[in-house]
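To start, the structure itself, in structure tokens.
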Amino acid sequence: MNFKFLLPLFIVGFIPFILDNSYAQISSGGFGNSPFERDFGDVKFLDAYFGTIDEKFEIGAGDKNVPFTVIMANVGTQDITGIRGQLSLPLGFSASDGPSSIIYADADSNSLAGENFHLTFFVDIGDYVQIQQYPGTVKVDYSRLRESGVRTAFENFDFKVTGKSVVNLRALNPFLTSLQQNHVTIEISNDGTAPISSVDVGLQNTQSERASTTQSITNVENVVILNTDWEIGEINPKSKKLIELDVYVPESLKGDTLRAPLEITYFNAHGDKHTISRIADFYVKGLIDLSIYNIDVIELSGTQMVIGEIINEGNEDGLFGFVTINPRGDSNIKHNTQFIDEIEIDAPVPFNIPIEFEGEPKYGEHDITITVRYKDSIRDELFLNHEKTISIEKPSNGDESGPDLTLIIIPIILAIGAGIYIIRRRKKTTLTN
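Per the working numbering, residue 151 is the first one in the sequence shown, and the count goes up by one each step.
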């Protein structure tokens, strides 16, 4: 009888526990098994990061004495004072005072009810710390105004070692040529360990921007640039992106350095927007614009020569010039070169290269290539090739059979001269007698 009476009573008493767990009812002081715990207190954790109250820092392994800021809020109804924090971080992080020291920080002032306050610790980061998220704990001791005793709050949080973004730029070809349009490629690189995103690049101090300024800081406003803004997106660590533009440089900048200031805007690993300035420098060369004309074959002193003229229609002399003829196809003309020195801009430069053959001479048409080799003001070697078909005829004093006419003509001239001399002598003798 006792067992039959106790069993129903046990079942009735156990039902509230089943129903309470089934409907996740709120119990006193929290949400039970809910991840959103309701813990009442005077201070509440807001954020923790490497940096100061005004700026978040990108940091990496090996950095020393780095500020670490914890931001908290006084959510109580009274002002608090005597705020002091103690930081606990995982292995690899230590106090800047030494690896065995406790990481302490004091708040600068009291915290009014409903206001935020911050604690700034100084931390050394180990050489082998990875770029990832880490857990941490902060202990905050404080006192309420008009209340004796010290209260303590503990807050767990996550923080991130972001790595560092290092943004650089360079022109892949830092030389421009005046009096012509130049296609320019600029490399934007992230040489750091943290990614950057939403990268936007803008060329500054152009003619349109100069209108709103009172003074020029570079000479980029003197050139014509077709595009000045680029959206290039994300640049991962140790990678790069390219931007391209077309630039026309006037003759007045020949021999000068063109300085192009670029403004780069991006978001770092903390999600903060940054704007930096970099300058791409270019050296402006003069224009050497060569052409070859009046190519012909002439005979000079029994030797046939390829002649022609080179004209420079640019604004800079070509240096250390050479002209070379090379055979093409079945031509057996020998490779031959002539030094012509400077190719000036104010007059045509003639050349004449003797024609020699590999083996027996072949007369008629020959296909040749005339190559002009020269250097510009930065000593880059340049080439101009011109293909031509020339016609070579037999020389007038070629290897023909028969007597040499000079052997006949010279004795005749000498005989005529001797005869004239004798006749004059006889006339003179007759007159004397």
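All C-beta atoms, glycine included, are put in the ideal place defined by N, C-alpha and C.
Given a threshold of 16 other Cβ atoms within 10 Å of its Cβ, counted over all protein chains shown, does Leu412 qualify as buried or as exposed? With 16 or more Cβ atoms within 10 Å of its Cβ, Leu412 is classed as buried.
Nonlocal neighbours in the same chain, by C-beta distance under 8 Å from Glu384, ignoring five residues either side: Result list for Glu384: Pro345, Ile346, Ser347, Ser348, Val349, in chain order.
I need the straight-line Cα distance from Lys314 to His420, nearest angstrom please. The straight-line gap from Cα to Cα measures roughly 11 Å.
Would you please state the rounded distance, in angstroms, between the beta carbons of Asn486 and Glu463? I believe it to be under 8 Å. Incorrect: roughly 27 Å between the Cβ atoms, too far for contact.
N-terminal and C-terminal residue of the beta strand (DSSP E) that Lys194 is part of: 193-200
Report the three-state DSSP secondary structure of Leu437 (helix, strand or coil). coil
Cβ shell of Thr287 (< 6 Å), same chain only, five flanking positions each side left out: If we look at Thr287 and ignore the five residues flanking it on each side, its Cβ neighbours are Ser238, Asn306.
For the beta strand (DSSP E) containing Asn224, list its first residue and its last residue. From DSSP, the beta strand (DSSP E) with Asn224 extends over 216-224.
Assigned secondary structure, Glu265 (DSSP; H/G/I helix, E/B strand, else coil): coil
Quick check on the DSSP output: what are the complete beta strand (DSSP E) runs of length 3 or more inside the segment 436-479, in order along the chain? 440-450, 453-462, 468-478
Exposed or buried, which one is Asp277 when buried takes at least 16 other CB atoms within 10 Å? By the neighbour-count rule (16 or more Cβ atoms within 10 Å), Asp277 is not buried but exposed.
Return helix, strand or coil for Leu403, following the three-state DSSP convention. helix
Rounded C-alpha distance that separates Glu515 from Asp530: 35 Å
Buried or exposed: which applies to Ala497, given that a residue is buried once 16 or more other Cβ atoms fall within 10 Å of its Cβ? exposed
Comparing C-alpha positions only, which one of Asn332, Asp517, Phe417, Leu408 sits nearest to Ile445? Checking every option, the nearest Cα to that of Ile445 belongs to Asp517.
Going by C-alpha to C-alpha distance, which of Asp467, Asn482, Thr521 sits closest to Gln488? Thr521
Span separating the alpha-carbon of Val216 from that of Phe207: 9 Å
Range of the contiguous beta strand (DSSP E) that encloses Pro504: 499-504
In whole angstroms, what is the alpha-carbon distance linking Val121 and Ile281? This structure cannot settle anything about residue 121, because the visible part of the chain is limited to 151 through 583.
Could you give the residue range of the beta strand (DSSP E) that holds Thr287? 283-294
DSSP-derived helix/strand/coil call for Val483: Note on identity: in this sequence residue 483 is Ile, with Val being the wrong assignment. Strand, per DSSP.
For Ser441, collect the residues of the same chain with a Cβ closer than 6 Å to its Cβ; drop the 5 residues on either side in sequence, then sort them by chain order. Ile461
Any idea which residues DSSP pairs Lys391 with across the strands? Ile338
Can you tell which of Arg428, Arg296, Leu534, Gln228 has the C-alpha that lies nearest to the C-alpha of Asp439? Leu534
Identity of the residue in Ile503, His424, Val273 nearest Gly458 by Cα: Ile503
Using the three-state DSSP reduction, which class does Val572 fall into: helix, strand or coil? It should be noted that the sequence gives Ile, not Val, for residue 572. Helix, per DSSP.
Using the Cα positions of Arg320 and Asp467, report the straight-line distance between them to the nearest angstrom. Rounded to whole angstroms, the gap between the alpha carbons of Arg320 and Asp467 is 29 Å.
Considering just the uninterrupted stretch of the beta strand (DSSP E) at Phe658, what are its terminal residues? There is no way to answer for residue 658, as the model of the chain reaches only from 151 to 583.
Tell me the DSSP secondary structure of Glu371 in three-state form. helix
Here's a check: name, in chain order, each residue in its chain whose Cβ is nearer than 6 Å to the Cβ of Val220, leaving out the five neighbours to either side. Beyond the five residues adjoining it in sequence on each side, Val220 comes within less than 6 Å, by CB distance, of Ala198, Leu269, Val288 in the same chain, given in chain order.
Assuming Val397 contacts Leu326 (C-beta within less than 8 Å), just tell me the rounded distance between them. Beta-carbon to beta-carbon, Val397 and Leu326 are separated by about 6 Å, close enough to satisfy the 8 Å threshold.
Classify Ser261: buried if its beta carbon has 16 or more other beta carbons within 10 angstroms, exposed otherwise. buried
Selection from Ile528, Ile493, Ile483 that minimises the alpha carbon distance to Glu508: Ile483
When you compare the CB positions of Gly264 and Ala303, do they come within less than 9 Å of one another, or not? no
Could you check whether Leu408 and Val399 sit closer than 9 Å to each other, using their CB atoms as the reference points? yes
Around the Cβ of Gly179, are there at least 16 other Cβ atoms within 10 angstroms (buried) or fewer (exposed)? Summary for Gly179: the model assigns pLDDT 41, below 50, so the residue's position carries little reliability; its value from the coordinates is reported in the next sentence. Answer is exposed; the Cβ neighbour count stays below 16.
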